[in-house]
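Undergrad:
Chains as they are written, first to last, in the UniProt record's numbering: chain E, 1 to 701; chain S, 1 to 484.
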């Protein structure tokens, strides 16, 4: 005994420090799997401290009947044993609690347990102080009763103890519960029916059932549908509280402002005892009120079907099919299939593996026909189906009869017609259908609405025939605007069915101008440029503004071009050769873009090769861009050198532009040469000091 | 006697004390074995949730963010303040302004005359939402949108404010909001990028838009926003060169893949299979992208709905239509920027054009998503980076005025994706300077957007430079009142 006691005391100290430490840093704790069995022994061990504490209390209660020396021995030994088993049970309980229990009850149980453990440990320390000992002992007894009760609640359920006495079912409220039974009845129950029930029926009024309410009382009807102002219930509630007639009577629980508001709006809506939240239209005042003030947030929807394995889901995913679980805690699966041109039937049939789990399926824009609809019919828990712009018809929907849970159906842009009604009728859970851009006429939609009163039929945007908008002008289909005479020119428009009209003689186009049908050959007739003026017409639209497209003569095409220095200030510098000879001439006064080769300090030096074709050349034209902020000429001079071997260069012409005041003239710089064949030409354009020139194209005539 | 012995054991001397401490340390040591991360500062409960899955089931699957760059004036669009018209030309009371710092542009101004909207307001829809005459089409859809009039931000200049709006921080080194969604939820359609960016420019005074706004920051570069070109061909270099058909391309890719595979077998570089995958994606994009960008198949009245500008590439209307098509095809996050809302002066003249540019197409986008049954699963957000002052910047005349930057309040709207429809949330004071009811900070907006998309903004983190980063940093509260 003498040796055992200090040992026990040390062990107790050790375990309590451990407990305190674990409690303090609980958030950091990660329980390895091999410790888990220890936690799970909690239910096994906990009965020891329960029994020991009761025993300890009894022992102390009968203290006087026992011989003092042996009492002290037994009492202290039992106390150590109690403390030991208590701390053991608490530690195990703490480990067990980390396995994912999470409830208020657990928190209560845990803290009572921990407190109890330290109370018992305190008993050991206060052993010498009998008064304190007594008080703590009784605290401990209460603790074990309370803690034990919470613990039992955890394993058996909170109402386990009193269930046989208090058994009553709690109503589950969801969006399909009538507003009346979900929200109105509870108000009546808590504020009215204590006096207005079949037993008491004050004022000859019973408010416990809808039938009794409809019957009314001695003062008439309780409420009048659509007429909250004249409804007795609300009138009485609105009277000043001192008034004899005010209900509920003074001293009884009163209706809150929120409850009165709900009653008012529900009565104004028609006092329909069957209408549910789900049936209310979006934007409806009753719906808004319920949403904002009454509806408890709907948690993750609960499903009865099982999870599928992550492996199955992974296998079903491919570049054209996305299969994803709603959340880690929901077994429901969303599926989207993409790519009209890549669609294969097995993309749909393979969903058989998750047929119970698929609740959302989006097949928009795919070539779905009646043939594939059978696979969709197998998805028994489907809630949301998108078939927009698929190739289905009304009959295709027959396969959906087996989708009893289908709530939303998007059919926009399909060929469905009025016969769709019979297939929709069979879908009992249906809440909303989207039928925009289908063959349904306005009157068909009216029929749908009257035949399916619980379903919201969304017909979408209907254009206003009065609204006339201006068309955009025709666009140029050609990639460039530099052509050789006789090249094909084509115009286009994003809108189908427009008439494009154009002129080639600079006159303003109108509906009598030439109609564009297909690409036409543009004859430049020896001119350097040709303007096409064009505009578009379409019924129901205002004609577009006229637009001009200018085409430039390509002139002589060099056999090759070489630029000695690619230029500056542009990320496209490497493309200088291309910029100078592509078929695009830019007409805008702008800064840097891929259309301009830019030079400051160092000049443009382009060597142009005509050694194979050897045409006769009389003119070189540089098409340049002038920055809109430019004040004085950026160009010093342009010079043309000629050579037969690219080694010896001979100056042909040099022109200074340093003092040019009319900057517009710099946009097209023409250098005339003595007309003859040149093998190689070197064109040099030197910018002025601290100026930048931008060159867009080189022409040779 | 025995009693004394017990008491002796219970009385502590130094030796006992030290001996017990040793036992205590033992207890601590044993306990610490269960806490591998005690000293690393990481909480076991902060464990990373799986990427690619929503944290909880939520309605919204995709987002379209319509950024009105330059900050549209809330006082001329959604926040109706008739008192300002009554107080035309009167001085802004210092009690209202409080400690608000001003931009360099008006800090030197001697007087701050109040000015009301030159444009009239009316209530629209069953919800009775106030909208100005500048936005007649948005006015028609007020019952589908949730207006938030009590937004506020920290920054007072465009770049930091826009960066804050985009990344949750004013300095530009964090991932953009779209990158966070790409990171957290992945792509819905494997044939398209998860995050696309579209740019357009109005005629009004513009402010810069830089690619840092759709940067992936410290996230993997695959989460970067992909900017589509404002031309007829939004994604360049996707067509096969002349003379190569799809069959040939397929054969070429197969062969290339087998060669790459050889390389991988030899070197084991993970970039090689990544490259093979990219070639395959590009191959699939060759069919997927034309299906999306082809506007000609849209019914005529869709073009009427968005307005004829939707046929001109690079306009806001064309971008709205393209945004719908991208979103419909499973692009997780589509972001539009429309420049030109920075009306420091000549507000009356400029804002008309700006509003006209965006009004029809913004409303059309929401209507179009709705008629396809997609509005429920697509969240649309229309927002600038801050608001504008209730006093005039520059010269105040009867017919014209300007407004400076104002971070204390501005109005935005959201639609679809689990947001309450037909609601106005939050309130500013009579002079439209301070928020008096339900303020919503940018961090709160981010937290709410993430919540609507099924992500817990406190749980989507990425470890970088030794700490875990979030879009909302250490802030943000979900605005529960606007959740449907």
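Think of the CB as a built atom: it goes at the ideal place given N, C-alpha and C, for glycine as much as any other residue.
Along chain E, which residues have their Cβ under 7 Å away from the Cβ of residue 329 of chain S?
TA: Counting from one through the second chain, the residue named residue 329 of chain S turns up at place 329. Within 7 Å Cβ-Cβ: 338.
Undergrad: Check the Cβ-Cβ distances between residue 305 of chain S and every residue of chain E, and say whether any is below 9 Å.
TA: The count along the second chain starts at 1 and reaches residue 305 of chain S at position 305. Yes, contact with chain E.
Undergrad: Taking 8 Å as the cut-off, does the stretch 134-154 of chain S touch the stretch 190-199 of chain S (at least 3 CB pairs, one atom from each stretch)?
TA: Verdict: no, contact absent.
Undergrad: Just checking: is the beta-carbon of residue 493 of chain E within a distance shorter than 9 Å of some beta-carbon in chain S?
TA: On the first chain, position 493 is the one that residue 493 of chain E refers to. Yes, contact with chain S.
Undergrad: Would you identify the three-state DSSP class for residue 281 of chain S, choosing helix, strand or coil?
TA: Along the second chain, one-based indexing puts residue 281 of chain S at 281. Of the three classes helix, strand and coil, the one that applies to residue 281 of chain S here is helix, per DSSP.
Undergrad: By Cβ distance, which residues of its chain are closer than 7 Å to residue 59 of chain S, with the 5 residues on each side in sequence left out?
TA: As a position in the second chain, residue 59 of chain S is number 59, starting the count at 1. Same-chain partners within the cutoff: 376, 377, 417, 418.
Undergrad: Under a three-way DSSP split, which group does residue 46 of chain S fall into?
TA: Residue mapping note: residue 46 of chain S aligns to position 46 of the second chain, counting from 1. Reliability of the predicted coordinates at residue 46 of chain S is poor, the pLDDT of 44 falling under 50, and no value is obtained from them.
Undergrad: 9 Å is my cut-off, CB to CB: does residue 182 of chain E come that close to chain S?
TA: Within the first chain, the letter at position 182 stands for residue 182 of chain E. Cβ-Cβ to chain S under 9 Å: no for residue 182 of chain E.
Undergrad: Just verifying my parser: in three-state terms, what is the DSSP assignment at residue 89 of chain E?
TA: In the first chain, residue 89 of chain E corresponds to position 89, counting from 1. Residue 89 of chain E falls in the helix class under three-state DSSP.
Undergrad: Starting from residue 146 of chain S, trace the beta strand (DSSP E) in both directions and tell me its first and last residue.
TA: Against the second chain, residue 146 of chain S aligns to sequence position 146. That run of the beta strand (DSSP E) goes 145-152.
Undergrad: Report the three-state DSSP secondary structure of residue 488 of chain S (helix, strand or coil).
TA: Because chain S here runs from 1 to 484, residue 488 of chain S falls outside it and cannot be looked at.
Undergrad: Could you confirm whether any beta carbon from chain S is found closer than 9 Å to the beta carbon of residue 284 of chain E?
TA: Stepping through the first chain from its first residue, residue 284 of chain E is reached at position 284. Taking Cβ atoms only, chain S reaches closer than 9 Å to residue 284 of chain E, which makes this a yes.
Undergrad: Measure how close the beta-carbons of residue 422 of chain S and residue 98 of chain S come, nearest whole angstrom, since I'm counting them as under 8 Å.
TA: In the second chain, counting from the first residue as 1, residue 422 of chain S sits at position 422. In the second chain, counting from the first residue as 1, residue 98 of chain S sits at position 98. That pair is no contact at about 34 Å.
Undergrad: What's the C-alpha gap between residue 227 of chain S and residue 273 of chain E?
TA: Numbered from 1 along the second chain, position 227 holds the residue referred to as residue 227 of chain S. Numbered from 1 along the first chain, position 273 holds the residue referred to as residue 273 of chain E. About 54 Å.
Undergrad: State the Cα-Cα distance for the pair residue 95 of chain E and residue 408 of chain S, rounded to the nearest angstrom.
TA: If you number the first chain from 1, residue 95 of chain E lands on position 95. If you number the second chain from 1, residue 408 of chain S lands on position 408. Roughly 50 Å between the two C-alpha positions.
Undergrad: Buried or exposed for residue 210 of chain S, please, with buried defined as at least 16 other CB atoms from any protein chain shown within 10 angstroms of its CB.
TA: To locate residue 210 of chain S, count along the second chain from 1; it is residue 210. With fewer than 16 other Cβ atoms within 10 Å, it is exposed.
Undergrad: Helix or strand or just coil, what does DSSP make of residue 72 of chain E?
TA: In the first chain, counting from the first residue as 1, residue 72 of chain E sits at position 72. It is helical.
Undergrad: Would you call the CB atoms of residue 595 of chain E and residue 607 of chain E closer than 9 Å?
TA: Within the first chain, residue 595 of chain E is the residue found at index 595, counting from 1. Within the first chain, residue 607 of chain E is the residue found at index 607, counting from 1. Taking 9 Å as the Cβ cut-off, residue 595 of chain E and residue 607 of chain E do not qualify as a contacting pair.
Undergrad: Quick one: what does DSSP say residue 276 of chain E is sitting in, helix, strand or coil?
TA: The residue you call residue 276 of chain E lines up with position 276 of the first chain. Reduced to three states, the DSSP call for residue 276 of chain E is strand.
Undergrad: Got a sec: which bits of the stretch 378-403 of chain E sit with their beta carbon under 9 Å from any beta carbon on chain S, in order along the chain?
TA: Against chain S - using a Cβ distance shorter than 9 Å - the residues of the stretch 378-403 of chain E are 384, 386, 388, 389.
Undergrad: I want to verify the contact list: residues of chain E whose CB lies under 7 Å from the CB of residue 358 of chain S, in sequence order.
TA: Here residue 358 of chain S is taken as the residue at index 358 of the second chain, counted from 1. What residue 358 of chain S touches in chain E: nothing, since even the nearest Cβ is about 16 Å away.
Undergrad: Out of E:482, E:388, E:527, point me to the one whose CA is closest to residue 460 of chain E's CA.
TA: Within the first chain, numbered from 1, the residue matching residue 460 of chain E stands at position 460. Nearest of E:482, E:388, E:527 to residue 460 of chain E, Cα basis: E:388.
Undergrad: With a cut-off of 8 Å, do at least 3 Cβ pairs link the stretch 341-357 of chain S to the stretch 197-217 of chain S?
TA: The stretch 341-357 of chain S vs the stretch 197-217 of chain S: in contact.
Undergrad: For a contact meaning CB atoms closer than 8 Å, what does residue 436 of chain E contact in chain S?
TA: As a working note, residue 436 of chain E is residue 436 in the first chain. Simply 371, 372.
Undergrad: In chain S, what lies closer than 8 Å to residue 412 of chain E by C-beta?
TA: For this step, residue 412 of chain E is matched to residue 412 along the first chain. Neighbours of residue 412 of chain E on chain S, chain order: 371, 372, 373.
Undergrad: Count the other CB atoms within 10 Å of the CB of residue 287 of chain E; is the residue buried (16 or more) or exposed (fewer)?
TA: Looking up residue 287 of chain E in the first chain gives position 287. Its Cβ being crowded by 16 or more others within 10 Å, residue 287 of chain E is buried.
Undergrad: Taking the CB atoms as reference points, tell me whether residue 340 of chain S and residue 201 of chain S lie closer together than 9 Å.
TA: Within the second chain, residue 340 of chain S is the residue found at index 340, counting from 1. Within the second chain, residue 201 of chain S is the residue found at index 201, counting from 1. Result yes, Cβ atoms of residue 340 of chain S and residue 201 of chain S sit closer than 9 Å.
Undergrad: If the cut-off is 9 Å on Cβ atoms, which residues from the stretch 444-472 of chain E count as contacting chain S, listed in chain order?
TA: The residues in question are 458, 459, 460, 461, 462, 463, 464, 467, 469, 470, 471, 472.
Undergrad: Ordered along the chain, which non-local residues of its own chain (more than five positions away) have a Cβ less than 6 Å from that of residue 505 of chain E?
TA: Locating residue 505 of chain E in the first chain gives position 505, counting from the first residue. Around residue 505 of chain E: no qualifying Cβ.
Undergrad: Using DSSP bridges, identify the partner residues of residue 550 of chain E.
TA: On the first chain, residue 550 of chain E is found 550 positions in, with the first residue counted as 1. Answer by DSSP bridge pairing, in chain order: E:531.
Undergrad: Considering residue 181 of chain S, what are the terminal residues of the alpha helix (DSSP H) in which it resides?
TA: Along the second chain, one-based indexing puts residue 181 of chain S at 181. Counting along the chain, the alpha helix (DSSP H) containing residue 181 of chain S begins and ends at 177-185.
Undergrad: Using the Cβ count rule (16 or more neighbours within 10 Å means buried), how would you classify residue 61 of chain S?
TA: The count along the second chain starts at 1 and reaches residue 61 of chain S at position 61. Under this definition residue 61 of chain S is a buried residue.
Undergrad: In three-state terms, what does DSSP make of residue 210 of chain S?
TA: Here residue 210 of chain S corresponds to residue number 210 of the second chain, with the count starting at 1. Note: residue 210 of chain S maps to coil in three-state DSSP.
Undergrad: Cα separation between residue 586 of chain E and residue 513 of chain E?
TA: Position 586 of the first chain, counted from the start, is the residue given in the question as residue 586 of chain E. Position 513 of the first chain, counted from the start, is the residue given in the question as residue 513 of chain E. If I take the Cα positions, the gap works out to 27 Å.
Undergrad: Report the option in E:525, E:610, E:452 whose CA atom is closest to the CA atom of residue 557 of chain E.
TA: Locating residue 557 of chain E in the first chain gives position 557, counting from the first residue. Cα-wise, what sits closest to residue 557 of chain E is E:610.
Undergrad: Going along the chain, which unbroken runs of the beta strand (DSSP E) with 3 or more residues stay wholly within the stretch 219-261 of chain S?
TA: DSSP runs (the beta strand (DSSP E)) wholly in the stretch 219-261 of chain S: none.
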